[in-house]
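One structure is given below, encoded as structure tokens.
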Amino acid sequence: MSSIWLTGLVATSLGIGIGGLLSFLIHGNKRSIGTIYSVCTGIILGLASFEIIPEALEKGSWITMSAGFLGGMVLFLLSHLVLGFSFQSHKVQHIKSGFLLTIAISIHNFPMGMTIGSIEQTDLTSALLAAVVMHNIPEGMILFAPLILTGFRMTVLIGFSALVAVPFGMGAYIGERIGIESDYLWSFLVALSVGMIYMVAIREILPEAIRHSSHAYSLFVAVISFLLIGAYLLCI
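If you read the sequence shown in our numbering, its first letter stands for residue 787, the second for the next number, and so on.
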């Protein structure tokens, strides 16, 4: 029995923690925040496109890949349909937004953790874990930003990080215990995570980058980051 669930838990905590630290350090500099969001968007999409999707296709088929990807998109949209409501008071909005993001990110992390925990130790595992770290850096920034504005103490912020990381570790542990015998099921679940990762990057992270800078700048940085990570993955 490997310790992939523990590695995944650490990877999630690391990404959230880095994002929270960056949010604390540069929350007053909009262009810096926009740059980090844009870079993370490009890297997330690059890791998914050049490393994770090809191996999922190799294990399964276009049908299982497409079904899983669409399923991930639907799960993302459903979670936002259930949780995505607006608030009036700015301070209350910041607090409730923090709780809302904690729940939403936890929902995203559980199935991704289960997927990673169920696969064997391969290069894809490392790629998925790298995607998890990068995926959670901007989410950590988004999660911590409203909480920092309300003056929460660092201990409370660490608690929020744990709430987000634990579901990933639980999912990875369950996936590691149960395992996945069918390559098609494996391919479907990986595609499910990819669909969710894509939606988070495009619907949450990139819009935040644009909000803190501009459309042209954000797209330029994201595309360059996407191409660079793609070239790196194709060369190694």
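Think of the CB as a built atom: it goes at the ideal place given N, C-alpha and C, for glycine as much as any other residue. Quick caveat: nothing in here was measured; it's all calculated off a predicted structure.
TODO: Could you pull out every unbroken alpha helix (DSSP H) segment of at least 4 residues lying fully inside the segment 809 to 866, listed in chain order?
DONE: 816 to 833 and 839 to 845
Open item on the list: In this structure, how does DSSP classify Tyr1003 when only helix, strand and coil are distinguished?
Closed with: helix
Task: Any chain D beta carbon closer than 7 angstroms to Val952 - done: Protein chains in the displayed structure number just one, and chain D is not present.
- [ ] Compute the Euclidean distance between the alpha carbons of Ile785 and Ser824, then round it to the nearest angstrom.
- [x] Absent from the model: residue 785. The displayed extent of the chain is 787 to 1022, so no value can be given.
- [ ] Can you tell me which of the three DSSP states Arg989 falls into?
- [x] helix
Open item on the list: Less than 8 angstroms between C-beta atoms, sequence neighbours within five positions excluded: which residues of the same chain meet that for Ala853?
Closed with: Phe974 and Ala977
TODO: Tell me whether the beta-carbon of Ile822 lies closer than 7 angstroms to the beta-carbon of Ala987.
DONE: no
Open item on the list: Nearest by alpha-carbon distance to Phe954: which of Gly903, Arg939, Phe810 and Ser809 is it?
Closed with: Gly903
- [ ] Return the CA-CA distance between Arg963 and Gly803, expressed in angstroms with no decimal places.
- [x] 27 angstroms
- [ ] Determine, using beta carbons only, whether His998 and Ile819 come nearer to each other than 7 angstroms.
- [x] yes
Open item on the list: I'd like to know whether the C-beta atoms of Gly981 and Phe855 end up nearer to each other than 7 angstroms.
Closed with: yes
TODO: Could you tell me whether the Cβ atoms of Gly1028 and Ser1004 are closer together than 7 angstroms?
DONE: Outside the displayed span of the chain (787 to 1022) sits residue 1028, for which this structure offers no information.
- [ ] Count the other C-beta atoms from every protein chain shown that fall within 10 angstroms of the C-beta of Thr941, then say buried if there are 16 or more, exposed otherwise.
- [x] exposed
Task: Other residues of its chain near Cys1021: CB distance less than 6 angstroms, five sequence neighbours each side excluded - done: none
- [ ] Compare the beta carbon distance of Leu1019 and Glu837 with 7 angstroms and say whether it is the shorter of the two.
- [x] yes
- [ ] In angstroms with no decimal places, state the Cα-to-Cα distance between Met787 and Val796.
- [x] Reliability fails at Met787, whose pLDDT of 44 lies under 50, so the model's placement of it is uncertain and the value that follows must be treated cautiously. Straight-line Cα distance between these residues: approximately 17 angstroms.
Task: 7 angstroms Cβ cutoff met for Leu843 and Met851 - done: yes
Task: Whether Tyr970 touches Gly846 by CB criterion (7 angstroms) - done: yes
Open item on the list: Please report the distance separating the alpha-carbon of Ala1017 from that of Val1009.
Closed with: 12 angstroms
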